[in-house]
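Participant:
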Amino acid sequence: HALCIGSDTNNDTSSDSNDTTYSWYFPDIILVFQAQNPETRDETSLRLISRVSPNQTLDQNAEICCLHANILDFYLLNVLQSSDSFHPAMPRLKTDLRRISQDLSHHGCNVTHYQDHQNAVEFREKLITMQGQRGITKAIGEINILFTYLGDFCVQN
């Protein structure tokens, strides 16, 4: 159930919005993150993507990996659909994220199985409460968190 999308991981999933553990592999994540309005990006009153404990078993890692693959698909189908004008690197980033989503699917992640998972539901509910562009901007600002979790829980060591 694991997928190699980078190199070794330090398994520190206490990531916050400034963590760039795997961003060297997809530099467009950094470019898009830095283009964020700092007020929206650094808004700490609400974090869309829930924190995950780093101490997991291999089975739990696979579940967390697929849960975040579900959130990635939500990003691709909803958050990033009309975001090409946000930053010139966005089309490349979306292409990379689509490839990762396909790779995860080929490695056994059935993302629809995690549609009703508590964390996926909470993510969607939090995004809805932020309403419109503010929520989309906040979600784009958390792409690096999502990518870090995908790296931490989907990468083979």
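For reference, each letter of the sequence shown is one residue, going 1 to 157 in the UniProt record's numbering. Glycine residues also receive a C-beta, built at the ideal position from the N, C-alpha and C atoms. Quick caveat, the model's predicted, so the values are computed rather than measured.
Could you give the distance in angstroms between the alpha-carbon of Gly135 and the alpha-carbon of Ile71?
Facilitator: Distance between the alpha carbons of Gly135 and Ile71 is about 15 Å.
Participant: Could you give the C-beta distance for Asn144 and Ser50, rounded to a whole number, given that I count them as a contact under 8 Å?
Facilitator: Not a contact, Cβ separation roughly 15 Å.
Participant: Provide the residue span of the alpha helix (DSSP H) that contains Glu80, from first to last.
Facilitator: According to the sequence as given, residue 80 is Leu; it is not Glu. Taken as a continuous stretch (DSSP letters only), Leu80 belongs to no alpha helix (DSSP H), as it is neither H nor E.
Participant: So, at 8 Å on beta carbons, what are the nonlocal neighbours of Asn110 in its own chain, with the 5 sequence-adjacent residues on each side left out?
Facilitator: Correct list, in chain order: Cys66.
Participant: Could you check if Leu77 is buried or exposed, using at least 16 other CB atoms within 10 Å of its CB as the buried criterion?
Facilitator: Leu77 should be labelled exposed.
Participant: State the Cα-Cα distance for the pair His87 and Gln60, rounded to the nearest angstrom.
Facilitator: So the two alpha carbons sit approximately 35 Å from each other.
Participant: So, Ala139 versus Val79, is the Cβ gap smaller than 7 Å?
Facilitator: Contact: yes.
Participant: Could you have a look at Arg51 and say whether DSSP puts it in helix, strand or coil?
Facilitator: Of the three classes helix, strand and coil, the one that applies to Arg51 here is coil, per DSSP.
Participant: By DSSP, does Gln115 sit in helix, in strand, or in coil?
Facilitator: Reduced to three states, the DSSP call for Gln115 is coil.
Participant: Out of His68, Ala62, Thr95, point me to the one whose CA is closest to Glu142's CA.
Facilitator: Comparing Cα-Cα distances from Glu142 to each of His68, Ala62, Thr95, the minimum goes to His68.
Participant: Where does Gln133 fall in DSSP's three states?
Facilitator: Here Gln133 sits in helix by DSSP.
Participant: Measuring alpha carbon to alpha carbon, tell me which residue in Glu63, Tyr149, Tyr75, His117 is nearest Thr137.
Facilitator: Residue Tyr75 is the option with its Cα nearest to Thr137.
Participant: Can you check whether the CB of Ile64 is closer than 7 Å to the CB of Phe153?
Facilitator: Cβ atoms of Phe153 and Ile64: closer than 7 Å.
Participant: Could you name the residues of the same chain whose beta carbon sits closer than 8 Å to that of Phe123, not counting the 5 residues immediately before and after it, in chain order?
Facilitator: Leu48, Ile49, Ser50, Ile71, Phe74.
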